[in-house]
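Undergrad: Chains A and B, in that order, give the protein sequences. Each residue of the first sequence is one higher than the last, beginning at 1 in UniProt numbering. Each residue of the second sequence is one higher than the last, beginning at 1 in UniProt numbering.
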Amino acid sequence: MNSNRYVENIQKKLSKYFDIETTYSYKNIAFDVFAKSFVRNEKYMASKKVVVYAFENNEYTFIKSETSMNIHSLNRFKETLIMATQDFVKPHGEHMSSIVTGVILLENGLDEELVKEIKKFKFTKSFAFGFKGWVYVRLLVVDLRKGLIIANKRGGEVKKFYEI
Amino acid sequence: MSALFLVLFSIVAMLVAYVTYGAWLTKQWGVDDRKTPAHTRGDGVDYVPAKSPVLLGHHFASIAGAGPIVGPIAAAIFGWIPVLLWIIVGSIFFGGVQDYGSLLASIRHEGKSIGEVIEVNMGRSGKRLFAGFAWLTLLLVVAAFTNIVANTFVSVPEAATASVLFIGLAVVFGFAVHRRGVSLGIGSVIGVILLFGCIALGNLFPLALSRNVWIAILLGYIFVASVTPVWILLQPRDYLNSFLLYFMMAGAVLGLLITRPTIVLAGYTGFNINGQYLFPMLFVLVACGAISGFHSLVGSGTTSKQLDRESDAKVVGYGSMLIEGVLATVAIITAAYITQDQLTALLANGGPVNVFSDGIGVFMTSFGIPFTIGKSFVALAVSAFALTSLDTATRLGRFILQEFFAQEGADKKNPLTNMYVATGITAGLGGLLAVTSWEAIWPIFGSANQLLAALSLMAIAVWLKKTGKNNVMFIFPMIFMFAVTLLALVFLIRDNLATGNWILVFFPVVLFGLSLVLAYQGYVHLSKKEETTKA
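1. Against chain B, which members of the segment 23 to 49 of chain A pass a CB distance test of less than 9 Å?
2. Can you pull the chain B residues whose beta carbon is under 7 Å from the beta carbon of TYR53(A), in chain order?
3. Helix, strand or coil for ALA160(B), going by three-state DSSP, please let me know.
4. Under 7 Å, do SER447(B) and THR485(B) count as touching if we go by C-beta distance?
5. Which chain B residues are close to GLU157(A), counting only those with a beta carbon under 8 Å from its beta carbon?
6. Which residue wins for smallest C-alpha separation from ALA488(B), given the options PHE371(B), ALA393(B), THR436(B) and PRO280(B)?
7. Report yes or no: do three or more beta-carbon pairs, one from the segment 7 to 18 of chain A and one from the segment 244 to 262 of chain B, lie closer than 8 Å?
8. What does the alpha-carbon distance come out to for the pair SER188(B) and ALA393(B)?
9. Could you confirm whether any beta carbon from chain B is found closer than 7 Å to the beta carbon of MET96(A)?
10. Exposed or buried, what is VAL524(B) when buried is set at 16 or more other beta-carbons lying within 10 Å of its beta-carbon?
11. Output, in sequence order along the chain, the residues in the segment 295 to 314 of chain B whose CB is closer than 7 Å to any CB in chain A.
12. My parser needs the alpha helix (DSSP H) runs of 4 or more residues fully inside the segment 457 to 518 of chain B; what are they?
13. Compare the C-beta of PHE161(A) against all C-beta atoms of chain B and say whether one is closer than 7 Å.
14. Using a beta-carbon distance cut-off of less than 7 Å, what residues from the segment 371 to 395 of chain B approach chain A?
15. Name the chain B residues whose beta carbon is nearer than 8 Å to that of PHE131(A)?
16. Any idea which residues DSSP pairs MET45(A) with across the strands?
17. Run down chain A in chain order and give the residues with a C-beta less than 8 Å from the C-beta of ASP99(B).
18. Span of the beta strand (DSSP E) holding LEU265(B)?
19. Return no unless some Cβ of chain A is closer than 7 Å to the Cβ of ASP43(B).
20. Examine chain A for any beta-carbon lying closer than 7 Å to the beta-carbon of SER113(B), and answer yes or no.
21. Taking the beta carbon of THR96(B) as the centre, do at least 16 other beta carbons fall within 10 Å, making it buried, or is it exposed?
22. Can you have a look at ASN70(A) and say buried or exposed, based on whether 16 or more other CB atoms are within 10 angstroms of its CB?
23. Less than 6 Å between C-beta atoms, sequence neighbours within five positions excluded: which residues of the same chain meet that for VAL103(A)?
24. Look up MET321(B) in the DSSP assignment and say whether it is helix, strand or coil.
25. Quick one: grab the DSSP three-state call for ILE232(B).
26. Quick one: using the 10 Å Cβ neighbour count with 16 as the cut-off for buried, is ASN58(A) buried or exposed?
27. Label residue 552(B) either buried or exposed according to how many other C-beta atoms from any shown protein chain fall within 10 Å of its C-beta, with 16 as the threshold for buried.
28. If you run the structure through DSSP and keep just helix, strand and coil, what is ALA35(A)?
29. Please report whether the beta-carbon of ASP358(B) lies at a distance below 7 Å from any beta-carbon of chain A.
30. Rounded to whole angstroms, what's the CA-CA distance from LEU105(A) to THR67(A)? Just pull it up for me.
31. Quick one: Cα of residue 605(B) to Cα of TYR136(A), how far?
32. Taking C-beta to C-beta, are LYS27(A) and THR85(A) nearer than 7 Å?
33. Give the list of continuous alpha helix (DSSP H) stretches no shorter than 4 residues that lie fully inside the segment 26 to 83 of chain B.
34. Less than 7 Å separating the beta-carbons of SER376(B) and GLU158(B)?
35. Do GLY202(B) and THR262(B) have their beta-carbon atoms positioned less than 7 Å apart in this structure?
36. Round the Cβ separation of GLY57(B) and TYR318(B) to the nearest angstrom and send it over; I've been treating them as touching at under 8 Å.
Take a look at the structure:
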């Protein structure tokens, strides 16, 4: 499957839960898709105006297609995702969790070294010891040639969703 | 007499009322199939049409708490007959009319709540007055439910251990699902298994502490629960609680069907029981099972915004109240199948929850559940719901206090808007009230709730009058509820003045003043001659 077709399919799937922007740019990197989801849960009493408690869960997804990838471009992508956790996540009393998901679509596959790097990547941060929530990063690389998905541990949660 | 017969009698009475009186009300109020706010104001968030069986479930779950259990058992001191009669008559002619009417009034006012309608009529000062009334009522809820839980833990120490473990389990469950990525399905199965593990451990290691120590622990708990993030404790605890409710209801119904207990308690014990008069105390004690002001807030709050068709209001508003009447009948049976001496002993040693858990515990032995396990399970379930009421009331009290003292554009923030200070004051004052016995608190709480019922009945009667509809079905219940509230408050003031319990004098005096002001306003509106408007 080529990347255009894949992006089209994923956009359709994401559109059920996410607000989607195409041709999005962040930190001078052009992304094919930027999707964000904002979920607020409330427990109320008698009237929806009387909120007993509420919490928010956010997700930001960055999708970018590349023909090939090396360790430098991978590191740059990882750093961009970490920067996004600082720019996008605003912790407050009702903030529970935010997830930054980065997806790279690769036309030409990738070598074993990079696979190891992707799998061991980990970024989690708690705000005020978790009292103001937390954020973590998912990293997924879709090998369009082999039809494989390589993900870090957190990325594994959504591996099925990104299957070709 | 067979207890099963009483339940069947109650069910038949409610069914007949639904078909006859319910139909008459529908005709008098001109309920038709015009579009509801769920359609005309549909926004996919608050205003969403729901199928009537789904909405019936939502509405019933919202109005039925510990109230229909605690009230009828507490009132059993007058004998089971007056309690049962009030449950049946109250549900059909008082509570059902109020719930159905407030739901309809709200629909015809674009889904606005009864509180908002009252608020509009009373202006800005009225709004602050209403906030004050709500805050005082919430303090009473904190005090009453702290007492109920503390008494339950003293009388059933097995449930105390289980409850403490249950709180710990909720925290672990929340952490596993939210932070460790355990799936909700697997987490729920393990959670429910561990829940029963908590009960088993409770039976092996009962935690026997004094009532005052439990009150102190509970106040500490509600403070923490009110200020910590909800996903750590409250949200997972609420989720696991629902399983307790399902198991308890299934166990109670099955046990009752197999056991078929006989009524032993005296039908009528007297008008004056240790200085408590049947009128007005019976009508204050039995609220949720007959009429409760809180129901009108639920009906006009969320239910009215989800009603698919106007004709559904009958089954949702009137039907739910009648079902709750049947639940209250089951509660009175747990008190009535034992002798007066046994009831007095159980009430003295843990209050109504002890009576209820003891009764259901016995019923559940009929299908092989050991009594101690069954009793501590029911006590755990009821105290878990009482704990939910406690932390909900503390949070709401904190919000009201913060909002009340918040000033827009002020240079310096009022310390009372601080989360910890507002929580501390709410929990602290609630705790101060709680150290008196629950017998003293419950009637004041009941009076505040019944005052709200009288207000709702008045608001609907005024609206029906303005629209030229028959409001006769509201007049007697409204006068009756005002009389009950005012007289109950007079007795409370008199009793607490005599004992010098000034805190318990202060609350009834404030409520009494409020009742008089509002009753006068209602009289003015209802006696005024004015042109009618289209509903």
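By construction, the Cβ of each residue, glycine as well, lies at the ideal position given by its N, Cα and C atoms.
TA: From the atom records:
1. ASN41, LYS43, TYR44, MET45, ALA46, SER47, LYS48 and LYS49
2. Here residue 53(A) corresponds to residue number 53 of the first sequence, with the count starting at 1. What TYR53(A) touches in chain B: VAL230, LEU234 and ARG395.
3. Start at 1 with the first residue of the second sequence, and residue 160(B) comes out as number 160. Helix at ALA160(B).
4. The residue given as residue 447(B) occupies position 447 in the second sequence. The residue given as residue 485(B) occupies position 485 in the second sequence. Taking 7 Å as the Cβ cut-off, SER447(B) and THR485(B) qualify as a contacting pair.
5. Within the first sequence, numbered from 1, the residue matching residue 157(A) stands at position 157. Simply GLY181.
6. As a first step, residue 488(B) must be located in the second sequence, where it is residue number 488. Among PHE371(B), ALA393(B), THR436(B) and PRO280(B), the Cα nearest to that of ALA488(B) is on PRO280(B).
7. no
8. Here residue 188(B) is taken as the residue at index 188 of the second sequence, counted from 1. Here residue 393(B) is taken as the residue at index 393 of the second sequence, counted from 1. Going from the Cα of SER188(B) to the Cα of ALA393(B) covers about 27 Å.
9. Here residue 96(A) is taken as the residue at index 96 of the first sequence, counted from 1. For MET96(A), the answer is yes, since a Cβ of chain B falls inside 7 Å of its Cβ.
10. Within the second sequence, the letter at position 524 stands for residue 524(B). Exposed, since its Cβ has fewer than 16 Cβ neighbours within 10 Å.
11. LEU297, VAL298, GLY301 and THR302
12. 472 to 499
13. Counting from one through the first sequence, the residue named residue 161(A) turns up at place 161. Answer no: the Cβ-Cβ gap between PHE161(A) and chain B never drops below 7 Å.
14. THR392 and ARG395
15. Sequence index remark: in the first sequence, residue 131(A) carries index 131 (1-based). Neighbours of PHE131(A) on chain B, chain order: THR228 and PRO229.
16. If you number the first sequence from 1, residue 45(A) lands on position 45. SER47(A), per the DSSP bridge assignment.
17. Position 99 of the second sequence, counted from the start, is the residue given in the question as residue 99(B). Within chain A, no residue comes near ASP99(B); the closest Cβ sits about 13 Å away, beyond 8 Å.
18. The sequence position of residue 265(B) within the second sequence is 265, counting from 1. No beta strand (DSSP E) contains LEU265(B), which DSSP labels as neither H nor E.
19. On the second sequence, position 43 is the one that residue 43(B) refers to. Chain A, which has no Cβ nearer than 7 Å to the Cβ of ASP43(B), makes this no.
20. The count along the second sequence starts at 1 and reaches residue 113(B) at position 113. Chain A, which has a Cβ nearer than 7 Å to the Cβ of SER113(B), makes this yes.
21. Your numbering for residue 96(B) matches position 96 in the second sequence. Going by the sequence as given, residue 96(B) is Gly instead of Thr. By the neighbour-count rule (16 or more Cβ atoms within 10 Å), GLY96(B) is buried.
22. Position 70 of the first sequence holds residue 70(A). Exposed, because fewer than 16 other Cβ atoms sit within 10 Å of the Cβ of ASN70(A).
23. The sequence position of residue 103(A) within the first sequence is 103, counting from 1. Answer for VAL103(A): ILE63 and LEU140, listed in chain order.
24. On the second sequence, position 321 is the one that residue 321(B) refers to. Looking at MET321(B) - three-state DSSP - the assignment turns out to be helix.
25. Here residue 232(B) is taken as the residue at index 232 of the second sequence, counted from 1. Correct three-state label for ILE232(B): coil.
26. What you label residue 58(A) is simply residue 58 of the first sequence in a count that begins at 1. It counts as buried.
27. One cannot answer for residue 552(B) here, as it falls past the ends of chain B, which runs 1 to 535.
28. Position 35 of the first sequence, counting from 1, holds the residue named residue 35(A). Here ALA35(A) sits in strand by DSSP.
29. Here residue 358(B) is taken as the residue at index 358 of the second sequence, counted from 1. So, not an interface residue.
30. On the first sequence, residue 105(A) is found 105 positions in, with the first residue counted as 1. On the first sequence, residue 67(A) is found 67 positions in, with the first residue counted as 1. Near 8 Å, if we compare the C-alpha coordinates of THR67(A) and LEU105(A).
31. Residue 605(B) cannot be examined here, being either before or after the span of chain B that is shown, 1 to 535.
32. Position 27 of the first sequence, counting from 1, holds the residue named residue 27(A). Position 85 of the first sequence, counting from 1, holds the residue named residue 85(A). Their beta carbons are not under 7 Å apart, which means LYS27(A) does not touch THR85(A) by this criterion.
33. 37 to 40, 52 to 63 and 67 to 75
34. Mapped onto the second sequence, residue 376(B) falls at position 376. Mapped onto the second sequence, residue 158(B) falls at position 158. In contact: SER376(B) and GLU158(B) (Cβ atoms closer than 7 Å).
35. Numbered from its first residue, the second sequence carries residue 262(B) at position 262. Numbered from its first residue, the second sequence carries residue 202(B) at position 202. It is not a contact, given that the beta carbons lie outside the stated cut-off.
36. In the second sequence, residue 57(B) corresponds to position 57, counting from 1. In the second sequence, residue 318(B) corresponds to position 318, counting from 1. Not a contact, Cβ separation roughly 16 Å.
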